[in-house]
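FYI, in the working numbering the residues of the sequence shown are 182 to 332.
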Amino acid sequence: MLNRIIRVLVVGVLAASALPAYAKTVTVEGQNSLRFSVESITVQPGEEVTIELVNNTEMPPQAMSHNWVLLAAGADADAFNAAALGAKDNDYIPSDMADQALAHTAMIGGGESDTITFTAPETPGDYTYLCTFPGHFSAGMKGTLTVASGG
Ligand code: CU
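And the structure:
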């Protein structure tokens with residue numbers, strides 16, 4: 182009996198330690214207004230973050246698709262976005278600058294969604310996210326993921 186209780190306790194502790202200290206899920210809608218429905222997200226350093234990107238547009242994919250791309254600290258969002266224009270075949274993620282993207286969803290059309298999970302940076306600060314569909318970033322389709330202790 183005691184053995185069994187100990188075994189249950191050990192399994193319980195192992196299961197709990199496998200979970201990240203923090204986890205956050207955020208649903209972000211890409212809108213026809215060329216804005217994300219959520220333009221600021223605050224997370225803990227090293228937090229497990231899940232982003233669900235949703236596109237509810239009635240417009241065709243070639244006219245109104247969206248992605249959600251989180252850039253590394255110090256990345257040049259304008260340069261990344263400009264390079265993305267030439268990366269249509271790679272879901273508008275420029276291969277030669279892929280190391281500047283910490284995480285990204287697929288490029289999705291109306292009626293689609295894509296969910297990604299990544300570990301937030303350990304370094305506190307502001308990280309830009311954007312949509313790299315042509316014209317969207319310059320129209321304002323961006324936001325800030327803030328990494329802050331206590332966020
Ligand atoms: Cu977009």
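No residue lacks a Cβ here, since even glycine has one placed at the ideal position from N, Cα and C.
Checklist entry - Any residues whose CB sits closer than 6 Å to a heavy atom of the ligand CU? List them in chain order? => result G211, H247, C312, F314, H317, M322
Checklist entry - If T309 and L266 are in contact, beta carbons under 8 Å, what's the gap, nearest whole angstrom? => result No, T309 and L266 are not in contact; Cβ-Cβ is about 17 Å, not under 8 Å.
Next on the checklist: My assumption, with CB atoms under 8 Å, is that V209 sits in contact with S221. Please give the rounded CB distance.
Outcome noted: Between S221 and V209 the Cβ distance is about 11 Å, and since that is not below 8 Å, they are no contact.
Checklist entry - What first and last residue would you give for the alpha helix (DSSP H) that runs through A260? => result 258-265
Checklist entry - Going along the chain, which residues of its own chain have a beta-carbon closer than 7 Å to the beta-carbon of R397, five neighbours each way excluded? => result The structure shown has nothing for residue 397, since the chain only spans 182 to 332.
Checklist entry - From this set, N262, N271, S330, which residue's C-alpha is nearest T304's C-alpha? => result S330
Item to check | DSSP state of D272 mapped onto helix, strand, coil | outcome: coil
Item to check | One or two residues paired with E229 in a DSSP bridge | outcome: A204, T300
Checklist entry - For H285, which residues does DSSP report across the bridge? => result V250
Checklist entry - Nearest to T337 by alpha carbon, out of Q212, T223, S214, N213? => result No answer is possible for residue 337: it lies beyond the span of the chain, which begins at 182 and ends at 332.
Checklist entry - Going by other Cβ atoms of all chains shown within 10 Å of its Cβ, with 16 needed for buried, is T313 buried or exposed? => result buried
Checklist entry - Between the C-alpha atoms of G211 and H247, what's the straight-line distance to the nearest angstrom? => result 6 Å
Checklist entry - Can you tell me where the beta strand (DSSP E) with S221 in it begins and where it stops? => result 221-224
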